[in-house]
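Okay, structure first, notes after.
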Amino acid sequence: MSTAPPESARVPPSEAAGPRLSDDAIRAFEADAKIALLATLTPAGQPHVTLITSLQARTPRELIFGQFCEGLSKQHLRIDPRAAVLVMTRDRRIWRAKAHWTGAMRHGEDYERYNKKPMFRYNAYFGVHTVHYLDVVEVGDVEHAAALDLALGALKARLGRALVRAGGGERILSGWAVRHIGRPTTLAFLARVGADGFPWIVPLVPTQPVGTRRLALWPTPRHAELADLQPGGILACFALNLAMESVLVRGRLSAWRRVLGTRAGVVEIEEVYNSMPPKHGRIYPPEPLQPVRLEGDPCGSE
Numbered sequence: 003m004s005t006a007p008p009e010s011a012r013v014p015p016s017e018a019a020g021p022r023l024s025d026d027a028i029r030a031f032e033a034d035a036k037i038a039l040l041a042t043l044t045p046a047g048q049p050h051v052t053l054i055t056s057l058q059a060r061t062p063r064e065l066i067f068g069q070f071c072e073g074l075s076k077q078h079l080r081i082d083p084r085a086a087v088l089v090m091t092r093d094r095r096i097w098r099a100k101a102h103w104t105g106a107m108r109h110g111e112d113y114e115r116y117n118k119k120p121m122f123r124y125n126a127y128f129g130v131h132t133v134h135y136l137d138v139v140e141v142g143d144v145e146h147a148a149a150l151d152l153a154l155g156a157l158k159a160r161l162g163r164a165l166v167r168a169g170g171g172e173r174i175l176s177g178w179a180v181r182h183i184g185r186p187t188t189l190a191f192l193a194r195v196g197a198d199g200f201p202w203i204v205p206l207v208p209t210q211p212v213g214t215r216r217l218a219l220w221p222t223p224r225h226a227e228l229a230d231l232q233p234g235g236i237l238a239c240f241a242l243n244l245a246m247e248s249v250l251v252r253g254r255l256s257a258w259r260r261v262l263g264t265r266a267g268v269v270e271i272e273e274v275y276n277s278m279p280p281k282h283g284r285i286y287p288p289e290p291l292q293p294v295r296l297e298g299d300p301c302g303s304e
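First residue of the sequence shown: 3, per my numbering; consecutive thereafter.
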């Protein structure tokens with residue numbers, strides 16, 4: 003496991019030659035109207051995905067994002083700084099990169115710049131309270147998701163869902179989550195851990211719930227990063243629609259099958275996480291209830 007620097011000791015990016023974001027990528031990262039995802043590693047070394055709309059490129063070698071709500075991804079970075087990012091623009095161009103968290107600041111020019119943005123400056127409930135910094139470790143080529151490919155993939159996933167057994171047992175996904183993941187307008191981004199130990203995000207994989215305990219995946223040839231995943235491997239599925247509603251489902255690949263002439267994966271769900279503010283947290287397995295104890299008399303009487 004990598005060791006993260008303390009929050010008060012942000013490490014500036016090295017001046018040595020290394021991977022750099024293109025000018026086109028930097029402009030895409032600046033847009034507020036974009037999908038920006040951050041993949042981190044849990045303490046158990048499993049992938050976790052969060053929507054980080056404030057993600058931007060500070061320089062061609064450095065990324066930043068502003069934290070305005072609490073979630074596990076920021077805790078993960080302090081334990082293991084390895085991360086991956088994905089940015090998708092309105093015209094379906096996609097940039098992906100690996101990055102290394104180098105620290106966080108609660109003051110300075112970047113902090114002031116974030117809190118002057120209209121999204122945070124005029125929000126009565128929250129502003130950015132911490133700015134996080136990441137060095138770019140690896141950058142992929144720009145990709146483009148064709149609308150026809152997305153439509154055909156969603157159709158095949160919906161038709162093939164009936165050919166995968168749902169399995170029995172305790173309900174895991176709620177009715178809302180089943181409907182949300184199953185809609186053609188919901189985009190599924192899968193995260194896995196690569197051989198180098200970094201998480202990696204695979205975009206727009208046709209995905210359908212099968213009952214409440216399984217997900218079925220229909221990777222296309224453009225999803226080559228999933229081809230070597232063996233049964234038992236852990237995947238995190240971040241299901242997001244254009245209204246920015248999302249849920250994170252993590253599970254274990256149980257098998258690859260031939261369905262409708264293509265290779266389909268079956269994922270046994272082990273964990274469901276609410277990734278939407280204001281209250282992030284695990285939904286399944288349910289967190290145990292903790293007693294609330296008040297000091298003194300809650301009514302104020304003597």
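Where a beta carbon is used, it is the ideal one built from N, C-alpha and C, also for glycine. Just so you know, these numbers come straight off a predicted model, no measurement behind them.
Query	Result
Taking the alpha-carbon positions, what's the Y275 to G283 distance?	6 Å
Under 8 Å between the Cβ atoms of H225 and V204?	yes
From A126 to K119, what does the alpha carbon distance come to, in whole angstroms?	For A126, the pLDDT reaches just 43, beneath the cut-off of 50, and the residue's location in the model is therefore unreliable, although a value from the coordinates is still provided. Their backbone Cα atoms lie some 13 Å apart in a straight line.
How many Å lie between L88 and Q58 at the Cα?	11 Å
Among residues of its own chain, excluding the 5 on either side of L242, which ones have a beta-carbon nearer than 6 Å to its beta-carbon?	L189, S248
Kindly indicate which three-state DSSP category V180 falls into: helix, strand or coil?	helix
Are the CB atoms of R252 and Q48 nearer to each other than 8 Å?	yes
On the premise that L262 lies in contact with P192, defined as a C-beta separation below 8 Å, what is that separation, rounded to the nearest angstrom?	Inspection of the sequence shows that residue 192 is occupied by Leu rather than by Pro. The pair is not a contact, with the Cβ atoms about 19 Å apart (cut-off 8 Å).
May I ask you to verify whether the stretch 91–101 touches the stretch 129–149, counting CB pairs closer than 8 Å and requiring at least 3?	yes
Using DSSP's beta-bridge definition, name the partner residues of W258.	G267
So, helix, strand or coil for E289, using DSSP?	coil
By a C-beta neighbour count over all protein chains shown, 10 Å radius and 16 as the cutoff for buried, is T187 buried or exposed?	exposed
Could you spell out the range, first to last residue, of the alpha helix (DSSP H) harbouring K100?	Segment 95–107 is the beta strand (DSSP E) holding K100; no alpha helix (DSSP H) there.
Could you name the residues of the same chain whose beta carbon sits closer than 7 Å to that of D137, not counting the 5 residues immediately before and after it, in chain order?	P15, R63, E64, A101, H102, T104
When the distance is taken between beta carbons, is V166 closer than 8 Å to A218?	yes
With distances taken between CB atoms, is the gap from T52 to A85 smaller than 8 Å?	no
Exposed or buried, H182, counting other C-beta atoms within 10 Å across all chains shown (16 or more means buried)?	buried
Considering just the uninterrupted stretch of the alpha helix (DSSP H) at R115, what are its terminal residues?	111–117
Taking E272 as the reference, which of E172, R60, D112 has the closest Cα?	E172
Answer yes or no: does any C-beta atom of chain D fall closer than 8 Å to that of W178?	No chain D appears in this structure, which consists of one protein chain only.
To the nearest angstrom, how far is the alpha carbon of F31 from that of G170?	43 Å
Helix, strand or coil for L217, going by three-state DSSP, please let me know.	strand
Please name the residue, chosen from V141, V139, R108, that lies closest to H131 on a Cα-to-Cα basis.	R108
Please classify G73 as buried or exposed, where buried requires at least 16 neighbouring CB atoms within 10 angstroms.	buried
If you scan the stretch 123–206 from start to end, which runs of the alpha helix (DSSP H) of 4 or more residues do you find wholly inside it?	149–162, 177–184
Measure the C-alpha to C-alpha separation of R12 and A257 and round it to an integer number of angstroms.	43 Å
If P211 sits next to L175, beta carbons under 8 Å apart, how far is it from one beta carbon to the other, in whole angstroms?	6 Å
Using the rule of at least 16 other Cβ atoms within 10 Å of the residue's Cβ for burial, across every protein chain shown, is K281 buried or exposed?	exposed
Can you check DSSP and say which residues form a bridge with N243?	Beta-bridge pairing links N243 to no other residue.
Using the C-alpha atoms, what's the distance from P293 back to P223?	51 Å
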